[in-house]
Structure formats: C-alpha cells, structure tokens
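Read through the structure below, which is laid out as structure tokens, and then see the notes.
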Ligand SMILES: CC(C)(COP(=O)(O)OP(=O)(O)OC[C@H]1O[C@@H](n2cnc3c(N)ncnc32)[C@H](O)[C@@H]1OP(=O)(O)O)[C@@H](O)C(=O)NCCC(=O)NCCS
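Numbering (the working numbering), first residue to last: 293 to 471.
Listed below in structure tokens is the structure:
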C-alpha cells in the first residue's frame, strides 16, 4: 500500500445517502499536505477522547510536536490516510500502516489501522463506516488479506464500532500498574 493509492472520493450509495444527515458531505479522499494542521487538531481531539475513556491514556509534554512529525507521514503518502470531508472541512480520518511480517507465525499480509476519528457531531451517521470502507477497499485492491486494529478495552464505543464493521478478537494486551 503506497502513495500510488491516490484515491477518488467514494460515491455515496443509496442506503448510506439516506442515513447521512449532512447535505454538504463531499466524500472520502486521501489526505494531502494542506490537511496537516487540521489533522493535528483532530488527532489531539482523538487523544482527548482516549483520555476520557481511560485516564491512563494521557499525552506526554511534547505530544503535539511528535504528532506533527508522524502526521507529516500521513499527508505525504508514506502512511496512507483518508479524510472525510463535509462542506470543505475535514470531519474525520483513518490511518493505516503495513504490519511487519511476523518472524515466526505464518500470518497473512496485514494492514494495521493506527488511528481513526470522527468529530462528535458527525458520529452515528455512517462516517466511520465509510472511512473504514476506503481502507478495506484499498487493502483488497493491494492484495492484503487481513486488517488489524487496537483500541482501549474500556472504550465500548470504539470496540462496538470495530465489531460492527467485522473485526473479532485476536490478541489481548494486559496491563499491571506497579505504583
Ligand atoms: C469510533 C468512531 C470512529 C465511530 O465513528 P462513527 O462515524 O460514529 O461510526 P458509524 O456511524 O459509522 O457507526 C457504525 C456502527 O458502529 C457502531 N457504533 C458506533 N458508535 C457507537 C456507539 N457510540 N455505541 C455503540 N455502537 C456504536 C454501531 O454498530 C454503528 O452502526 P449504527 O449506527 O447503525 O448502530 C467514533 O465514535 C470516534 O471517532 N470515536 C472517538 C475516537 C475512537 O474511538 N477511535 C477509534 C479508536 S482507534
């Protein structure tokens, strides 16, 4: 999956268009350089959502600068990222990376979804599903056989969302605080 993935907006199918309340929905497209500042802002909101779901998920002091660095990779096509646009404004995004081949297990080619976010006021209108569809379609077109995503166990909304688009349990990360 690479920069050649430059995609077109995904047309609304009839059922989805019915669900969508936003008359100004422009579509889903790959992220590009002018999106960077907006994506940093949305990524900070995503992190705040993570903190609300589990207070251990807290950003460090230099998080914004670090984010600016890796978000550069999203907008230059190094790490494929799609944005959902309403009225010319980005209201959600999804980002992927190729998983490194496992050293021992015989796992299929896998793409990992590293981040996904939809602004609160645009949720439950199929926007997340649409962003996910862009990733799935692209992965299929690249011959990728599996997708993976990790999220906070306590974030029931996120877990429900991923299950709703077809994900099932694979690994579990366990945590033990020693303070
Ligand atoms: C998770 C998130 C991306 C979902 O986006 P969304 O646009 O609201 O998702 P959709 O409208 O496409 O929802 C698809 C399905 O997911 C499930 N779902 C979504 N939000 C849910 C919620 N709050 N509670 C239960 N199920 C939910 C439902 O099955 C829903 O279908 P339905 O509305 O027909 O019942 C969004 O809530 C979000 O940005 N959350 C904060 C960030 C986050 O958790 N990101 C993922 C972690 S990596």
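Positions of the beta carbon are idealized from the N, C-alpha and C atoms, including for glycine.
| query | result |
| --- | --- |
| With three or more beta-carbon pairs closer than 8 Å as the criterion, would you say the region 401-408 touches the region 433-441? | yes |
| Which of helix, strand or coil does DSSP assign to residue 437? | coil |
| Roughly how far, in whole angstroms, is the beta-carbon of residue 424 from the beta-carbon of residue 377, given that I think they are within contact range, below 8 Å? | Going by Cβ atoms, the distance from residue 424 to residue 377 rounds to 16 Å, so no, they are not a contact pair. |
| Within 10 angstroms of its Cβ, does residue 322 collect 16 or more other Cβ (buried), or is it exposed? | buried |
| Would you check if the distance between the CB atom of residue 324 and the CB atom of residue 367 is smaller than 8 Å? | yes |
| In terms of residue numbering, what span does the beta strand (DSSP E) encompassing residue 341 cover? | Here residue 341 belongs to no beta strand (DSSP E); instead the alpha helix (DSSP H) covers 328-345. |
| Using 8 Å as the threshold, is the region 342-361 in touch with the region 414-423, meaning 3 or more CB pairs across them? | no |
| Looking only at its own chain, which residues have a Cβ that is under 7 Å from the Cβ of residue 309, when we skip the five neighbours before and after it? | Confidence at residue 309 is low in this model, with a pLDDT of 48, below 50, so its placement is unreliable and the value that follows should be read with caution. Once the five neighbours on either side are set aside, residue 309 has no close Cβ partner at all. |
| Restricting to Cα atoms, I'd like to know which of 317, 388, 365 and 315 is closest to residue 332. | 365 |
| Spatial neighbours of residue 295 within its chain, please: C-beta separation below 7 Å, excluding the five flanking residues on both sides. | Low per-residue confidence applies at residue 295: pLDDT is 31, beneath 50, and the placement is therefore not dependable, though the value from the model is reported in the following sentence. So the qualifying residues of the chain are 369. |
| For ligand 1, is there a heavy atom less than 7 Å away from the beta-carbon of residue 351? | no |
| Using the beta-carbon count (16 or more within 10 Å), is residue 462 buried or exposed? | exposed |
| What residues are listed by DSSP as bridge partners for residue 378? | 317 and 381 |
| Can you say whether residue 372 is buried or exposed, counting buried as having 16 or more other CB atoms within 10 angstroms of its CB? | buried |
| Do you know offhand how far residue 471's Cα is from residue 465's? | 19 Å |
| Buried or exposed for residue 334, please, with buried defined as at least 16 other CB atoms from any protein chain shown within 10 angstroms of its CB. | buried |
| In this structure, does DSSP put residue 322 in helix, strand or coil? | strand |
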